[in-house]
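So in this note's numbering, the last spot in the sequence shown is 716, and the numbers never skip.
We put the CB at the ideal spot given by N, CA and C, even for glycine.
Encoded as structure tokens, the structure appears first; notes follow it.
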Amino acid sequence: MGLEVALSPLASSVREILSGRTDGASDVARAIGQPPGAPGWFTPDDPIWTVHGSVATFLGGIRSLLFQTLHPLALAGVDRHSSYREDPFGRLQRTGAFIAATTYGSADLADQTIRAIQSMHKRVKGVAPDGRAYSAQDPRLLAWVHISLTDSMLQAYLDYGRDGAIDADGYVANMAVVGSAMGVIDPPRSQAQMTAQLEDFRPELRVDADVRRTQGFIRNAPLPMALRPGYRVLARAAWDSLPPWALTMLDSSPRLAPVDKALADTGLRVLRRALVASPARLAGERRLAGSLTPERDRRTAL
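This is the structure in structure tokens:
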């Protein structure tokens, strides 16, 4: 009990950054708990439930942002239509709400969340610095964002997850349900398919001054002073976990030393002890208490 009390200020700070509330009881967490018994796209038996409830998602989220910047059209959309520099926590909270609602929420909440994001995406379009048009509704860009997120969350869990073994192919297949709903055409349903699709994107990726500037912001996010040392350890681990070919593109420094990996692992263990459990995951479990049957027809249709 003494350790939990000592870690409570850390837990409150992290929860406020992620949800806007020190207790983590965000609007989306409350929505996930309703209506009682309503089925969702997934259940506690699905790998996505375990992965997204793990503190390894902190590292996976950082990795996905670093990874996504490598696509010039995806970066142009973020640069010109996102307030991440002025409000980095707001963007983080919206991304977290999307993941939580689609993973743990009822089928209706997941559908509502997808529709809201698709409506927002209609406004995200323009011309990139290289003269090419971009649109957040472009199936190709949707695919890049989807697989870079899926690969990042999975890799982070495989490297640092501490909530039990998972079926990696099952996680990719779970994420395909979300990707299909978002408009991704033929999302990968296994690790092998995901690796093949990442390889297919490589000719489209590049590193320039805009990429390095954005990645520098991600790696040195303007967090409260007390959280910065721990965040930088996780950011370094996230960087190091990028595919070797991506690190080559970035002229990366040498791979993490064992002591750095140990620091990242320790940091995530401390977070796990401080946060105890995901409020969104607990809300989903409470909602499903009377019914653990997923909406199979919806999942099959996707």
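Asked, Found
"Using alpha carbons as the reference points, say which of V591, K536, L696, A570 lies closest to A649.", "A570"
"Just to confirm before moving on: does the CB-CB distance between L619 and M663 stay below 8 Å?", "yes"
"Given V734, which residues of its chain have a CB within under 8 Å of its CB, disregarding the five upstream and five downstream residues?", "This structure cannot settle anything about residue 734, because the visible part of the chain is limited to 415 through 716."
"Taking the runs of the beta strand (DSSP E) that are 3 residues or longer, which of them lie wholly in the region 460-543?", "539-541"
"Tell me which residues share the same chain as G474 and place their Cβ nearer than 6 Å to its Cβ, disregarding the 5 neighbours each side in the sequence.", "S566, M567, A570"
"Could you tell me if P602 is buried or exposed, where buried requires 16 or more neighbouring beta carbons within 10 angstroms of its beta carbon?", "buried"
"Starting from A547 and walking both ways along the beta strand (DSSP E), at which residues does that stretch end?", "547-549"
"Are A610 and I476 closer than 8 Å when you measure CB to CB?", "no"
"If you run the structure through DSSP and keep just helix, strand and coil, what is G630?", "helix"
"Taking its Cβ as the centre, do 16 or more other Cβ atoms sit within 10 Å of V419, making it buried, or is it exposed?", "Bear in mind that a pLDDT of 43 at V419, under 50, signals an unreliable position, so the number given afterwards is only what the model happens to contain. So V419 counts as exposed."
"Grab the span of the alpha helix (DSSP H) containing G451 for me, first residue to last.", "Taken as a continuous stretch (DSSP letters only), G451 belongs to no alpha helix (DSSP H), as it is neither H nor E."
"What's the gap between the Cα of R712 and the Cα of D525?", "Any answer about R712 is weak, because its pLDDT of 44 lies below 50 and its placement is not dependable; what the coordinates show is given next. If I take the Cα positions, the gap works out to 10 Å."
"Taking only three categories from DSSP, how would you classify S666?", "coil"
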